[in-house]
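Working notes, structure below.
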Ligand code: ARG
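In full-length UniProt numbering, the protein residues as written are 1 to 455.
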């Protein structure tokens, strides 16, 4: 492509370090879309004749058919997807092919192709997050009133419902989706027409190509257009946060599936066995969802490191932008799909969870709250009395609800029989009617709101 200035071919090592077609061939559809939009604009502006333009467009159609049929010759000597398409176009239509690159550089071409790919990836991710939220909503609705222990420090804290727990993730994945939506909106400006870095002397119409490719407008500065990859970084940041949420949930599934917890199981087709231990059922899918976080966050670190010291405008370093983004978005795609399958298929052990909801003096706060309400104690004093009750129950080897009334009265005289009504996990949950609390009515109200939001 640049033979005019060069008198020898690239050394093997030059080609080896430079070649990117193995990675960026994934941009073929975006590359063809960009070339078509650019070509039509060149025709409309009289920069390329209608006849040459038609030859180019039909050559691009042939290339698309070849790629779809698997017969397109992807060749390392043409370095990347852009030069591979250009070389093939030249073989197919001859001289007019050389006119397609008028008023265009690979710099704005790759910035465009990559932006289009990342934009599609955001759209896919938003759809997958919505599917995961729908799966969670269905399960939360089934279990809006089923008890489980709520933890802090992974120590028993207060009873909650399984529906409430699942709805926590609906909120998280909702914010994740909105991060991708925001990123998409910010990236939706077209770099095409920035050319190499300074713009073009040809009478191009950047607004027309932007519109044709679904962008809101052309980017306002040609240097910025070819040299920033913040749209990819922002997407990777959103992906990393999403991966963190997925990982926490995956960790809970792993814990819930241990026999010691026994809170949940996954079906055969979403677990694996052991080659030596016949009893095993391993939550590999959950573990791998948890592990994908490393790849995804690693990709963010990789790309920010590539970008951080580059002077304006384009540097070849930026060719290293695509592997981390492809890797991260592939990993996120798998993780979201696997998590949706697990959410849909897991079987909670309702009886076990409900029983565990009462363990570990989980209604101690309810006793303290009762003392505040019924005996008018300051909360700090109620906390102290309740602590003593827990200590006494522990010594006697019983739960709070089994502690005899006279034991409680010995700690504070105003305790009455009525206190036992608040000491069950059911009563504890039912009482938490504050907005966003775990009372089943509250959980059902949030489910209804989310269904409307996602409809
Ligand atoms: N394959 C290159 C990349 O991904 C395309 C842009 C090349 N531009 C250049 N001036 N060498 O970044």
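Don't be surprised by glycine CBs; every beta carbon is placed ideally from N, CA and C.
Sequence-distant residues of the same chain with beta carbon closer than 8 Å to residue i, five excluded per side
i	result
residue 233	300, 303, 304, 307
residue 287	250, 254
residue 321	114, 229, 232, 303, 306, 307
Residues near residue i in its chain [Cβ-Cβ closer than 6 Å; skip 5 each side]
i	result
residue 274	280
residue 239	296, 328, 332
residue 444	144
residue 428	159, 363, 366
Closest residue to residue i among the options (Cα-Cα distance)
i	options	result
residue 318	228, 218, 144	228
residue 399	286, 225, 361, 434	361
residue 413	434, 429, 382	382
residue 452	174, 272, 204	174
residue 348	165, 426, 220, 380	165
residue 352	61, 394, 210, 265	265
residue 135	170, 120, 356, 194	170
residue 252	346, 207, 447	346
residue 262	350, 101, 51, 388	350
residue 116	384, 260, 215, 290	215
residue 368	415, 402, 355, 397	415
residue 410	277, 93, 393	393
residue 79	88, 15, 127	15
residue 311	268, 386, 370, 224	224
residue 426	388, 330, 355	355
residue 120	7, 139, 181	181
residue 195	154, 324, 259, 105	105
residue 61	33, 45, 372, 46	33
residue 198	260, 375, 221, 17	221
residue 87	42, 2, 51	2
Spatial distance of residue i from residue j (CA atoms)
i	j	result
residue 419	residue 438	21 Å
residue 118	residue 36	19 Å
residue 213	residue 125	20 Å
residue 340	residue 256	17 Å
residue 433	residue 442	6 Å
residue 150	residue 156	6 Å
residue 11	residue 200	32 Å
residue 218	residue 211	8 Å
residue 226	residue 39	19 Å
residue 236	residue 192	23 Å
residue 282	residue 290	14 Å
residue 54	residue 177	41 Å
residue 313	residue 168	44 Å
residue 76	residue 204	32 Å
residue 101	residue 436	57 Å
residue 153	residue 417	32 Å
residue 45	residue 59	20 Å
residue 9	residue 63	27 Å
Beta-carbon contacts of residue i that lie in its chain and below 7 Å, excluding the five residues immediately before and after
i	result
residue 81	21, 24, 25, 27, 28, 31
residue 270	285, 341, 342, 345
residue 423	363, 366, 367, 400, 401
residue 503	This structure cannot settle anything about residue 503, because the visible part of the chain is limited to 1 through 455.
**Request:** Assess, as a yes-or-no matter, whether the stretch 136 to 143 is touched by the stretch 241 to 248 under the definition of 3 or more beta carbon pairs within less than 8 Å.
**Result:** no
**Message:** Is it the case that the stretch 64 to 75 contacts the stretch 185 to 193, given that we only count it when at least three CB pairs across the two stretches are under 8 Å?
**Reply:** no
**Prompt:** On the three-pair Cβ rule with 8 Å, is the stretch 129 to 141 touching the stretch 95 to 105?
**Reply:** no
**Item:** Segment contact flag, the stretch 331 to 346 with the stretch 354 to 369, C-beta cutoff 8 Å, min 3 pairs
**Value:** no
**Prompt:** Would the stretch 102 to 109 and the stretch 148 to 162 be scored as touching if the rule is three or more Cβ pairs under 8 Å?
**Reply:** no
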